[in-house]
Structure formats: C-alpha cells, structure tokens
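Report on one structure; see the data block that follows.
Protein chains in written order, with the numbering used here: chain A, 127 to 239; chain B, 127 to 239; chain C, 127 to 239; chain D, 127 to 239; chain E, 127 to 239; chain F, 127 to 239; chain G, 127 to 239; chain H, 127 to 239; chain I, 127 to 239; chain J, 127 to 239.
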C-alpha cells in the first residue's frame, strides 16, 4: 500500500473536525471482477497529526486494481487512517453505486479509548 | 421464500453500520389485486454475519407476486433479515408510492436485548 | 364526520412507526369563505389498531366544504385519529399554502400517559 | 360561471406575454365523485384587454364543486379566457396530480386567425 | 393484451396535447428473467378519440409478467396506442432504471401521414 | 407600531407548535439608507393566545420604511410577539439576503421561566 | 425617476448579450396599497452604450413606494431602459410573488426596427 | 478492444431514438498517469442494428487502464459505435469530472450522408 | 491584518445566535502557489460585542494573497474573531472547493470556559 | 498575459464541441478595488487546434489581480481564445456573483466568417 503521510497539527489544544470527501473511489469486485465505484467521506478530530491530502489521494488510488468487498474496504480504510494519524476520533463512510438496483453504504467509527 | 444468505463479518469487534437501499420493490395489494411499489431501506449493525446482497435481491423479488399489506411486509422483512443475520440492531423502512393521493411509510426497528 | 376505520395490528409487540402523507387537503377559511390548501402528515406508533387508508382518505375529504381554522383542524384531526386507533403516540402536522405571502404550519403531538 | 373581468391593455402596440400560474385548482371527477387537483398555467399575448387577476381567481373557484374531465376543463378554460379578453394568442396547461400512479397534463393553444 | 378503451374527443377542431406519465412500469428481461422497471411518458394530439386512463393503466399492467426488450416494448406501446386512438401524432418515451450501471431511454414517434 | 392581535387558543391543554414564515420582509439599513430584504420564521408554542395572521402581516409591513439593524429587528420582533401572545416558548429567525457577498441570519429564542 | 446611467460599449462590432437579474424588486399595489415583490431579469444586446449597474440599482429602488401594476411596470422598465441605452434588442421579465395563490410573470421584448 | 455486439432492429421502418448513459467511465490521463472519471451519453437512431448493452458495458471497461485524452476518447467511441451498429445518426457526449477546478465536456455527432 | 470592528450588543441578557456566510473566500496554497477557494460560515452567540459586517468583509479579503493551509486558516479565523468580539461561543466552518477530486471541510469551535 | 497553449486536433474532419467550465474566476473591480467572482463557460468547435487545459487554467489566473469590467473581460477572453486556437466557432459566458443584490451574466459569440 502507498504510504499515507501526515503533518503536524498546529492546534492540538482544540478539538476540531476535518472532513474529506473523495467521490472518485473505484476498486474491483472480488466475485465478478467488475469495477465498483463509490464516494468515501472521512471525518476526524486530529490529535498530534493531520492527514496530508496528496498522499491520501494516492492511498485511495491503490484500491483501483484491488479486489475487495464494501465492508472490508471501509473498515480497512478506517484502520489505515487511524494508524497513520492517531486521531481522537474518526468516521469513514463508503457510499457505493447501485448494483442490481440495490445501493449500499457502510459507516465505521473509531473513538480513542 | 427464497433463502437469504450471509457471509462472515470480518470486523466483529467494531460496531459499524451497513445501509442497503432497494428502490425496485413491488408486491400486490391483497384488497385490489393491483401492484404496489416502494423503496426499502435496511440499516443494520452486523454481529457475526453480514447479508449477502445478491441473495437479498432475490429475496425481495419473491414479493413480486405476493399479496401483502404495507405494515405486514415491513415487519416481515425485519423478522426475516434479523433471523438470517442475527444483527446487533436493524431498522427497516418501507416507503410506498401514493395511492389515492396518500403516501405511506412504515419503519420498524429491532434491537438485541 | 365520515367514520374512520381501523384494522388489527399484527405486530403489537413491536414499537414501529407508520407515516401517512396527504398532500391534497382542502377546507374553507371561516373568515373569508375562500378555500385553504395544505399537506397533512400523520406519524404514529400503533398499539392494537392501525388506521385503514381508504377510510382515512374519506375522512380528510369531509373537510372540503367545512369552515375551520388551521390550529383547530390540526388539533381536531389529532383528537379524531387518536380516538379511532388508540395509538401509543401520534404526531399530526398541517402545512398550509401561503396566504398574503405568509405560510403557516401547525404540529400537534399525542403521547399516551 | 363567475364573470371574468378585464382591464384595458395600456401597451397594445407591443406583443408581450403574461403568464399566470394557479397551483390551487380543484374540481370533482365525474366518474368517481372524488376531487381532482392540479396546477393551471395560462400564458397569453394580450390585445386590447388584460385578464383581471382577482376575478380570474374567483373564476377558477367555480370549478371546485363541478364534475368535469381533464380534457374538457382545459379546453373550456381556454375558450372562456379567449372569449373574455380576446388575446392575440393564448396557451392553457392543466397539470393534474397522479391517479392510480398515472399523471396527466393537457395543453391547449389558441392563435388568432 | 388487455383492451385499451377510448372516449370521444369533444374538441376535435383544436390541436391540443395530452401527456400521460406512468412511473410504475415493470416487465421481465427476456435474457435474465429478472424484472425491469421504468417510467413511460405518452404525449399525443388526439383526433376523434382520447385514451381512457383506467383502461390504459390496466394495459400497462399486462407487461408485468411479460418478457420483452426495451426497444420492443416502447415501439409496441406506440403501435398499440396509435391503433387504439388514431391520434394526429404521438410520442412514447420509455426511461428504464440502471442495469450494470448503465441507463437506457427509448423514444419513438408517430406522425399521421 | 401596528397593533398585533391574538385569538383564544382552543387547545391550551396541549403543547403544540405553530410555525409562520414570512419571506417578504423588508426594512432600511440605518447606515446606508438602502433597503434590506429577508425571510422571518416564527415558531412558538401558544399558551392562552394565538397570533392572528392578518394583523401579524401588517405588523411586519411597519418595518418597510424603518431603519433598523438585523440583530435589533430580530430581537425586537421576538419581544413584541412574546408580549402580544405570551407563549410558552418562541423562536424567531431572520435570514437576510447577501450584502457585499456576505449573508446573515439571526436566531433569538424565548422560553417562559 | 432616478437617472439611469450608461457607459461606452467597447465592443460595438460584436453582438453580445448582457443579462442582469434583480431579485429585490418591490413596489406597491395601486388597488390594495400592499407591497408587491418580484424578480426582474433584463437581457439585452448593447449597441453604443451599456447600462451602468449602480445607477440601475437606484433606478429599481425608485419603485419601492410607487403604486404600479405588473403589466405597467414591466413595460415601463423596458421603455426606460431602451431609451437610456438604445440597445439592439432587449427583453424584460418581471416575475412576481404569489397573491391569492396565483403567480404572475410578464415578459416584454424590444427589437430595433 | 473488446468486441461490441449488436442485435437486429425489429422496427427499422421507424426513426426512433435510443439513449444510453454510463456514469461509471474511467480511464487514465496520458500526461499525469492519474485516473480520469466521467459520464458518457450515447444517443442514436438505429438502422438495421441496435447496440447490445452488456457488450457495450464491457467495451467501456476496456478504457479503465488506457491512457487517452478527453477529445480522443469521445471521438473514438463515436467511431467505434458507428462502425459497430451503422446507425442513421449518433451523438456521443463525454462529461468529465473537474481537474484543477476546471470541468470539460466533449460532444461529437455522426450523421449518415 | 485588517482590523476587525465590533458594535455593542443591545440584547446581552439573551443568548441568541448570529450566522454569517461568506462564499467568496480565497487564499493561496503555500505548497503550489495556486489559489484556494471556499465558503466560510461563522456562527456565534454574542456577549457584549457583535462583529461589524463591513470590517469582517475586509478582514476576509486580507487572505486573498496570503499562503495558508485549510486547517490553519480556519483555526486562525476562529482565534481572531473570538479575540475581537469575545463571544459566549463561536463555530467557524471552512468548506473548500475540490483539489485533485477531493473536497475538504474544517470545523473549529470555541466555548467560553 | 500568460501564454495560452494548444495541441493538434486529431479529428479535424468532424465538427465537434468542447465545453470548458471554470467556476473559480476572480478579478478586481476597477471602480471599488474589491474582488469580483464568477464562473466562465467556454464552448467551441475546434478547427486545427484545441486549447490545452493547464495553460488555460494559468491564463484565467492572470486576471486575479487585474482591474477589469464584466463586459470587457468576457469579450477579451473570447478574443484571446479565438486568437490562440482559431476555432470554427466559440461562445464565452461569464456569470458573476451578485453585487448590491444584482447579478450579471455576459455572453459573447464568435463565428468564423
């Protein structure tokens, strides 16, 4: 996987929220081999580190040729981003386009203990 | 009824939400024999099992020729899906198209005791 | 008044919500004699009885030639529907079209003691 | 029928267009006795006379208790309004709310020979 | 096929337009056996006969269990409706829901020679 | 100021909500002398008295030629309406059109002690 | 009336279009004395002169306390603006807010002979 | 390239229109190597052959890993589809997502001589 | 930095909310030197002082040529505005346009201890 | 001015249309010194050359600190782009944000003689 990068949060004394929306996600369905498309929304309260956007973009591009299910990719992205920037809290939502007339959205949340 | 299928939830340690929208529901009104149409939204927190989407699609198709009321179908779908995947919680919403100028929406919720 | 009708709730063990929207309400303003128009939304948790939709439609039609104020009709509909189906809770919202450039919406709620 | 009223067009040397929209039309279906609802749009180029809006409003109210079909009412309104204000041209569109899931719109046009 | 019915056009001296929208069309895909869904819009200038809406609704219902392609059904509906009411002109548009991420719309037009 | 009028609340035993929207507010900016425009939304739970809508409309018209700031007018309207109808609670929101590319909205709330 | 101002068109060799929208028009109804509100859209092809926007804004403000009908004000604005900037062509559209549930729009066009 | 397939047009005596929308197009920018995304709309009048949708879907998928410019891909798709189904006329529109804040849309048209 | 100005809050006894939206923010990206664009929303409960809008507008203009990151500018604006008007609470939201297909929104909140 | 760049049109035998939308235009008002904002839409049929998008982006950025009127900038952009790519035809539309409540849009068209 492409390395996520971070930069120092200059306002660590304040709980504030960063929301990032990537409407250009695509990967491959492991069962059919056909592409999946979706929009990922990441919402987090940074602690010491913020996610660098350009590296995040390249991170998302790594899924383009990967076979992965909706539930798996949403949870993995949450795990990867939490590990990279160690936020106070984070929510990841994957909203995928319709397949067979049915639309799926997965939402996973991390809250520091 | 068509058998619902499930697959193993790989992230059982985390409470996350799966939302599935099926805008192509149709059944038959038991009183008039005329078709009903609606959109079903299923929203659940999986435990050990996730609903497999293709089988879920075929499950919905089973209602196409069935005579059933709005309240009954919404509650039955909740019962069937809860039985199939044993979620931590689930919400089923059936939003039906207007009849006689009047629109109905039914929402039923399951929460594990 | 036209008699409201009910049918037996087959899922009395579960608190679920029924929402009914009637965008074709009309009555007569008692002061000007001119027609009023609006959309009524009824939202309730049934107990032993559900409101039958066709009878409900005819119930609404009874207001067509009646002179009644916005606040009165919204509260009366709540009273009538509560009396008819004895719900666990009910909310009635009447949203009326603009008169003199001003729009009014009335919301009344019943909760069983 | 309520008398339509007109006032003198002060700009007869110019072809200009007047558009009037009434979203509060209602009448009665001659077959079922149930109310119909719709929006009427009148679009005309006045000649010597313009339609007075208040009288036009009362004219529309006359249909409230009348049994009349969609095609008939749209054509009759065109005939009545043309007779009243003798325009250079006029278009009347009646857009009615759905019945049995099906929506109808009727458009009739008059052009002075 | 269910018989289409017509009623006499009372305004044959005027070219006017009738638009009918049916958002509740469904049939079966001849290749997959899975249901198709769509919205049909019929737009015509009547001559001596207008299409009766209730019979038209039942006509559309006849496709519910029929295996037929998008192009075929749109052209067949145009042929059937033209034969039934002999209009001066007619346009039929079938707009179908997405399959495999791809949406199709078919438009066919009849103009009396 | 134009006198606000009230009528007796016939349902004083129930806490219900009345929402009134006036999108046609205008006054004059005390600094520039230029007109301001906005939409006022009043939301209240009546006690013994309800606000009469026609008098309320004339009350709003009194601001047309008055020089008053956004914060002042929103708070004054809350004070005036509370004094007039002595509600259990009331919220007044003034949403004003953009000036210099910047839009302002003021929200003031009253809750009976 | 406030004086309209113009500035020199630097591209007189080209037919190009200038569209100006003023959503903050208000005047007074000559019959009821109550304010009218609307949006004016001016669309023109300049010849030697363009309308200066600040002066145009003050020109519109002059109608604030004036009693004038919809048809009259739309045509008068067209006449005034044509006289001021002598355009190759101009269209003025006044779209007024609903009164008694009915909305009016007036469109007048000038084309140099 | 994946082979496009066609099926026989059963209504060759009538000029009718088929519109196909694919919102899931993606390819690779030849300059940056980064993915491009867009929606393709194909609009054609068939002659003897219609485009088969499943093969068309696979045809579009072939661009996923291909480096190609907006203008080139739109014109190539038009050429390929025209060659495959020999239509009476065809229009292809590629609407691509923003890059550097700027959005591009390319439209190419074929008309049989 | 341009000096922010304030005026005396005339309703200090009441907790009310002022919302200000500026959709015309622009600054420069410190990494690429290219302009950034966004909408800033400021939402606060004033104590003794309110923010003067014209000075606030000039304050925002100071960022036009400044190189500053999304997180930094949102937090700095919160700090500057809190210092200027000493509110009971304040929320600042910066919603920036897409870069590389990815959109960012930053929300920072101040609450008086 | 930044140099516009072009690349060779590979489909010169076909009249096709390229539409480019830049919603991030800003310049300075020559009278007030305050920034203007707008969206530019360029629509052209290329002949031998197409506009290169990255250079076009830098071209637009050159207006950021320039004092120029709406009419002038729209016509100048048309002149510059026509000179750069010598198209068969081109249309440039500048839609600017509201000033003093009034919105302006300028549209200029070039057609090769």
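Every residue, glycine too, gets a C-beta built ideally from N, C-alpha and C.
In this text the structure is predicted, and so the values were computed from the model without any measurement.
Which class does residue i belong to by DSSP, given the choice of helix, strand or coil?
i: residue 132 (chain I); result: strand
i: residue 217 (chain D); result: strand
i: residue 234 (chain A); result: strand
i: residue 180 (chain I); result: helix
i: residue 185 (chain F); result: helix
i: residue 246 (chain J); result: Since the first residue of chain J shown is 127 and the last is 239, residue 246 (chain J) is not available in this structure.
Kindly give me the distance between the Cβ atoms of residue i and residue j, rounded to whole angstroms, as I take these residues to be in contact under 8 angstroms.
i: residue 166 (chain H); j: residue 148 (chain H); result: 5 angstroms
i: residue 153 (chain D); j: residue 199 (chain D); result: 6 angstroms
i: residue 150 (chain C); j: residue 163 (chain D); result: 5 angstroms
i: residue 177 (chain H); j: residue 207 (chain H); result: 7 angstroms
i: residue 236 (chain C); j: residue 235 (chain B); result: Residue 236 (chain C) to residue 235 (chain B), Cβ: 20 angstroms. No contact.
i: residue 192 (chain D); j: residue 228 (chain G); result: The pair is not a contact, with the Cβ atoms about 19 angstroms apart (cut-off 8 angstroms).
i: residue 161 (chain E); j: residue 194 (chain E); result: At roughly 12 angstroms, the Cβ-Cβ gap does not stay under 8 angstroms, so residue 161 (chain E) and residue 194 (chain E) are not in contact.
i: residue 137 (chain I); j: residue 201 (chain F); result: 4 angstroms
At which residues does the alpha helix (DSSP H) containing residue i begin and terminate?
i: residue 194 (chain G); result: Residue 194 (chain G) -> no alpha helix (DSSP H), and no H or E assigned at all.
Would you call residue i buried or exposed, if buried means 16 or more other Cβ atoms sit within 10 Å of its Cβ?
i: residue 172 (chain D); result: buried
i: residue 233 (chain E); result: buried
i: residue 188 (chain H); result: exposed
i: residue 225 (chain H); result: buried
i: residue 216 (chain A); result: buried
i: residue 159 (chain B); result: exposed
i: residue 213 (chain C); result: buried
i: residue 197 (chain H); result: buried
i: residue 239 (chain I); result: exposed
In the DSSP output, what is residue i paired with across the bridge?
i: residue 175 (chain F); result: F:134
i: residue 161 (chain G); result: G:154
i: residue 241 (chain J); result: The question about residue 241 (chain J) has no answer, for chain J in this structure spans 127 to 239.
From which residue to which residue does the beta strand (DSSP E) around residue i run?
i: residue 223 (chain A); result: It is not in any beta strand (DSSP E) - residue 223 (chain A) carries neither H nor E in the DSSP assignment.
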